[in-house]
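Taking it in order: structure first as structure tokens, then the write-up.
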Amino acid sequence: MLERRSRKDGIEVTFVLPREDPPGPVSVVGDFNDWQPGIHTLQPRKDGKRAVTVALPAETTQFFRYLAAGDYWFNDESTEDRDGANNRLHT
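Mapping of the sequence shown onto our numbering: position 81 corresponds to residue 83, and the numbering continues sequentially without gaps.
What follows is the structure in structure tokens.
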């Protein structure tokens, strides 16, 4: 699930997943971090989910996926906008 919040210079996107599904550490990787795992690792929240927030510039298109332990790549099921194997996010 994605949560969005406008900023004066762009948008903050919070990437949210259940705490244990999939198990182990999960990173969101994409254009905004040069597809480098571990830069944006989801952390536990008080509501029982895990999340990470990324600041993105306005009026751009970003592509992303999640990477879990064991080299398990997957998409955000709440986002239907895709380009091939990747989620597409318009800011």
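Each residue gets a CB set at the ideal place from its N, CA and C atoms; glycine is no exception.
C-beta contact flag for residue i and residue j at 8 Å
i      : j      : result
Ala-53 : Phe-17 : yes
Thr-81 : Glu-14 : no
Leu-69 : Thr-93 : no
Lys-51 : Leu-91 : no
Phe-66 : Asp-85 : no
Arg-21 : Pro-46 : yes
Ala-60 : Pro-27 : no
Per-residue burial, residue i [other beta carbons within 10 Å of its own, 16 or more giving buried]
i      : result
Tyr-74 : exposed
Gly-32 : buried
Asp-49 : exposed
Asp-83 : exposed
Ser-29 : buried
Asp-23 : exposed
Asp-78 : buried
Beta-ladder partner(s) of residue i, from DSSP
i      : result
Phe-65 : Arg-90
Phe-76 : Tyr-68
Asp-85 : Asn-88
Lys-51 : Pro-20
Gln-45 : Ala-53
Pro-59 : Gly-12
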